[in-house]
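Those sequence lines, one after another, are chains V and C.
Residue 12 in my numbering is what sits at position 12 of the first sequence, and the numbering runs on without skipping anything.
Start counting at 1 in the second sequence, then tack on 244, and there's your number in my numbering.
Number of protein chains: 2
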Amino acid sequence: MTRETKVTEFTKPKSMVDQIYRSISTAITTGALEPGRRLVEQELQKDFGVSRAPIREAIRLLEADGMVVVDAYKKKYVRYLTREDLLDNIPVLAMLESLAARLAVANITPQKILELQNLNSEIEEAFAAGDFVHCAELNFSFHRSFLQLAGNKTLHRAIRSIVKSTLWMWLTSQYYRNHSIIPSSLEEHNGILEAFRAQDTRLVERKVREHNENVLERFLSQTKFNEQGICQFTPPQNLSTSGG
Amino acid sequence: MTRETKVTEFTKPKSMVDQIYRSISTAITTGALEPGRRLVEQELQKDFGVSRAPIREAIRLLEADGMVVVDAYKKKYVRYLTREDLLDNIPVLAMLESLAARLAVANITPQKILELQNLNSEIEEAFAAGDFVHCAELNFSFHRSFLQLAGNKTLHRAIRSIVKSTLWMWLTSQYYRNHSIIPSSLEEHNGILEAFRAQDTRLVERKVREHNENVLERFLSQTKFNEQGICQFTPPQNLSTSGG
DNA sequence: GCTATTATTCTTGTCGACAATTTGTCAACT
DNA sequence: AGTTGACAAATTGTCGACAAGAATAATAGC
Numbered sequence: 001m002t003r004e005t006k007v008t009e010f011t012k013p014k015s016m017v018d019q020i021y022r023s024i025s026t027a028i029t030t031g032a033l034e035p036g037r038r039l040v041e042q043e044l045q046k047d048f049g050v051s052r053a054p055i056r057e058a059i060r061l062l063e064a065d066g067m068v069v070v071d072a073y074k075k076k077y078v079r080y081l082t083r084e085d086l087l088d089n090i091p092v093l094a095m096l097e098s099l100a101a102r103l104a105v106a107n108i109t110p111q112k113i114l115e116l117q118n119l120n121s122e123i124e125e126a127f128a129a130g131d132f133v134h135c136a137e138l139n140f141s142f143h144r145s146f147l148q149l150a151g152n153k154t155l156h157r158a159i160r161s162i163v164k165s166t167l168w169m170w171l172t173s174q175y176y177r178n179h180s181i182i183p184s185s186l187e188e189h190n191g192i193l194e195a196f197r198a199q200d201t202r203l204v205e206r207k208v209r210e211h212n213e214n215v216l217e218r219f220l221s222q223t224k225f226n227e228q229g230i231c232q233f234t235p236p237q238n239l240s241t242s243g244g
Numbered sequence: 245m246t247r248e249t250k251v252t253e254f255t256k257p258k259s260m261v262d263q264i265y266r267s268i269s270t271a272i273t274t275g276a277l278e279p280g281r282r283l284v285e286q287e288l289q290k291d292f293g294v295s296r297a298p299i300r301e302a303i304r305l306l307e308a309d310g311m312v313v314v315d316a317y318k319k320k321y322v323r324y325l326t327r328e329d330l331l332d333n334i335p336v337l338a339m340l341e342s343l344a345a346r347l348a349v350a351n352i353t354p355q356k357i358l359e360l361q362n363l364n365s366e367i368e369e370a371f372a373a374g375d376f377v378h379c380a381e382l383n384f385s386f387h388r389s390f391l392q393l394a395g396n397k398t399l400h401r402a403i404r405s406i407v408k409s410t411l412w413m414w415l416t417s418q419y420y421r422n423h424s425i426i427p428s429s430l431e432e433h434n435g436i437l438e439a440f441r442a443q444d445t446r447l448v449e450r451k452v453r454e455h456n457e458n459v460l461e462r463f464l465s466q467t468k469f470n471e472q473g474i475c476q477f478t479p480p481q482n483l484s485t486s487g488g
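As structure tokens, this is what we get:
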């Protein structure tokens, strides 16, 4: 009788913790919450209008992801990245993505290659439009496509974990914002697709590995680090001269 | 009101959540909590003598690790493994560990090689003594040594993540319990150490990759799966014929 | 005897409150 | 002036209780 006719209620497919997790996660990848930013439960509680329990659980998930770090006094911060972090990423991501690409060769279709070409064009458009966050997302989609084609859950999980823990999306968007290196990436993407078209496994593997190495080395060479080796991008909107 | 006379309490005031996390994590790797086993907050609450809040946070961490899975009705279970999970692990672990070994070549010392030889002997002893859990731990230590020598945090994190999410320690101990294949592993371990002694990077990389592939394929060929493809080891103490 | 519906129980999700810890401030003392 | 200690504010950790939803038991109807 009293069946609540939840007709217009689409916004309830996920648990509270999941929503908070996603929200903070997105805030970090988009740069709304910059690396090093303190996370205080009371503030988040007010933002989301819930009690602290689900906030705390969501933060635990982010902590496990490596997107949030905890200091000796239990205070939580958005992870900040060091030069060492980026250096460590290079061989691992290059190797995992090239493995994904190798496995994908067996499953890719001409149709899929066309889709990826279109995706590549979309990246170019987003870059031209100055939407660097979307650009990073599309770029990630491009890479993720090989993961999906590879059909290996362990691999998928491993790469996803690295992407999250090293704030990959944030890094990419910041990088796009500050440097005009999209053309190089797009060119390399096309090279990869060509190798796929030729069904040349060895070539695919090499191209993907080199692409990843190139991207990461470009990151490193063009990124500023402070005296503690922490990655320093220009904040999104920095009106005051946060001098100090 | 200071009812807690914690006199002999040197046990690093680790946080409650951390203690619970470790405790459950250990229970899973040792097989005390077998795959598929339901985790009920109220039971754990009684076991640890705390409220549900820290229990829930610990379970969130285990969930993020992939050691615990959640069904559509929010019920929590220890992760169970499928044939597909094991298959997916093979190329990824083989590749990551061989990368670790390659990076380790530059940092290894004759001293360290001797230590690893001793460790190998310890594994043999633990196996002979029938302590399969310890055996799995020591074996993991052997592999982890290369990780530490590699000095790459991203790589360390990636492998650790796979080890946790696929209940690697549990799998290994169960495998040791059921099959007498330690000799093959020990032999391969020695082969790897020889390659290290020769400083032959290519050989190290190949030996480690092959060792991982061998181990995982032995797992697969000698492991039972039920009709749903779920890994079925004989439970630690199985007196009744859990028929079906 | 069997099915449909209603209670009851079990389990998880969320909340507000209190305790413990850390940080910040300020006054007293050497 | 600098240091130290105590007090206050801020923040996190933990608790018990209630609400919501699903699984199970019980009952009514045929």
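Glycine included, each C-beta is placed from N, C-alpha and C at the ideal position.
- Looking only at L411(C), E449(C), K258(C), Q443(C), the smallest Cα-Cα distance to Y73(V) is reached by K258(C).
- With its beta carbon less than 7 Å from one in chain C, R60(V) belongs to the interface.
- The stretch 395–414 of chain C makes no contact with the stretch 452–461 of chain C; the number of CB pairs closer than 8 Å stays below 3.
- Rounded to whole angstroms, E328(C) and K224(V) show a C-alpha spacing of 43 Å.
- If you draw a 10 Å sphere on the C-beta of V459(C), you find 16 or more other C-beta atoms in it, and that means buried.
- Taking a Cβ-Cβ cut-off of 8 Å, the neighbours of I406(C) in chain V comprise T154, R157, A158, given in sequence order.
- For the C-beta of R56(V), the chain C residues within less than 7 Å are, from N- to C-terminus, E301.
- Distance from the CA of V336(C) to the CA of D200(V), rounded to the nearest whole angstrom, comes to 21 Å.
- The Cβ of V92(V) sits closer than 7 Å to at least one Cβ of chain C.
- With respect to the 7 Å criterion, L220(V) and L96(V) are not classified as neighbours on the basis of their beta carbons.
- By the neighbour-count definition (other C-beta atoms within 10 Å, threshold 16), R446(C) is an exposed residue.
- For S409(C), the residues of chain V that pass the 7 Å Cβ criterion are R157, in the order they occur in the chain.
- Counting only the Cα atoms, Q174(V) lies some 12 Å from A32(V).
- Taking a contact as a CB-CB distance under 8 Å, the pair G36(V) and Y80(V) counts as one, their CB atoms being some 4 Å apart.
- Closer than 7 Å to the CB of N178(V) there is not a single CB belonging to chain C.
- With respect to chain V, the C-beta atom of L343(C) has a partner C-beta closer than 7 Å.
- Under the 7 Å criterion on CB atoms, N458(C) is classed as non-interfacial with respect to chain V.
- Straight through space, the alpha carbons of D18(V) and A58(V) are spaced by roughly 7 Å.
- In this structure, T30(V) sits near V133(V), with a CB-CB distance shorter than 7 Å.
- Nearest C-alpha to A372(C) among D315(C), A439(C), P427(C), A442(C): P427(C).
- Separation of the CB atoms of L193(V) and L116(V) is rounded to 6 Å, and the pair is thereby assigned contact status at 8 Å.
- In this structure N107(V) is exposed. Its beta-carbon is surrounded by fewer than 16 other beta-carbon atoms within 10 angstroms.
- In this chain, the alpha helix (DSSP H) harbouring V163(V) covers 153–165.
- Within chain C, the residues whose beta carbon sits less than 7 Å from that of A64(V) are L305, A308, D309, listed in sequence order.
- A439(C) is positioned such that its CB atom lies no closer than 7 Å to that of F390(C).
- Note that the C-beta distance between H179(V) and Q232(V) is not below 7 Å.
- Rounded to whole angstroms, the separation of the alpha carbons of R206(V) and A198(V) is 14 Å.
- With 16 or more other Cβ atoms inside 10 Å of its own Cβ, S98(V) counts as buried.
- For V68(V), there is no enclosing alpha helix (DSSP H); the residue is found in the beta strand (DSSP E) stretching over 68–70.
- Residues of chain V with a Cβ closer than 9 Å to the Cβ of A348(C) do not exist, since the nearest Cβ in that chain sits about 12 Å away.
- For A126(V), the CB contacts under 7 Å within the same chain, skipping 5 residues up- and downstream, are H134, C135, L138 in chain order.
- Using a 10 angstroms sphere on the CB of S295(C), the tally of other CB atoms stays under 16, which defines it as exposed.
- Within the DSSP secondary-structure output, V322(C) pairs in a beta bridge with V312(C).
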